[in-house]
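Input: a single structure, listed below in structure tokens.
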Amino acid sequence: MSGTTKTLDIKILDRELRVACPEEERGELLDAVAYLDKKMREIRDAGKIASVERIALMAALNITHELLSVKIGRGFDLADFKRRMSSMQAAIDEALAEQDTLF
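896 is the number of the first residue of the sequence shown in the working numbering; add one for each residue after it.
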């Protein structure tokens, strides 16, 4: 992670966020955003959960389950995974904090 950190505007479930991201990880972050947005929309469109916070938590739980279902032994970088999870958690926390200020 020797590159420059830049801010990136992203949109998840029709909510705009600004996040910091190393330039060399921009593509990966955008892929993660697209995947998370897809999962959250699937949960919302199922119609059983209305709260964005609950949708985010269910998406996080589902994605974590998917990840843990994968065998970790084949070149899996646990340190990198933990860093990315921390980054996603920070983005979720920021989104929820912004939502709280709206109400």
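Ideal Cβ placement from N, Cα and C applies to all residues, glycine included.
Per DSSP, Leu962 is one residue of the alpha helix (DSSP H) stretching across Val947 to Ser964. If you check the CB distance, Ala992 and Val914 do not come in under 8 Å. Here Leu973 is exposed: its Cβ has fewer than 16 other Cβ atoms, across all protein chains shown, within 10 Å. The beta carbons of Ala990 and Arg910 sit closer together than 8 Å. For Glu937, the uninterrupted alpha helix (DSSP H) segment begins and ends at Arg921 to Asp940.
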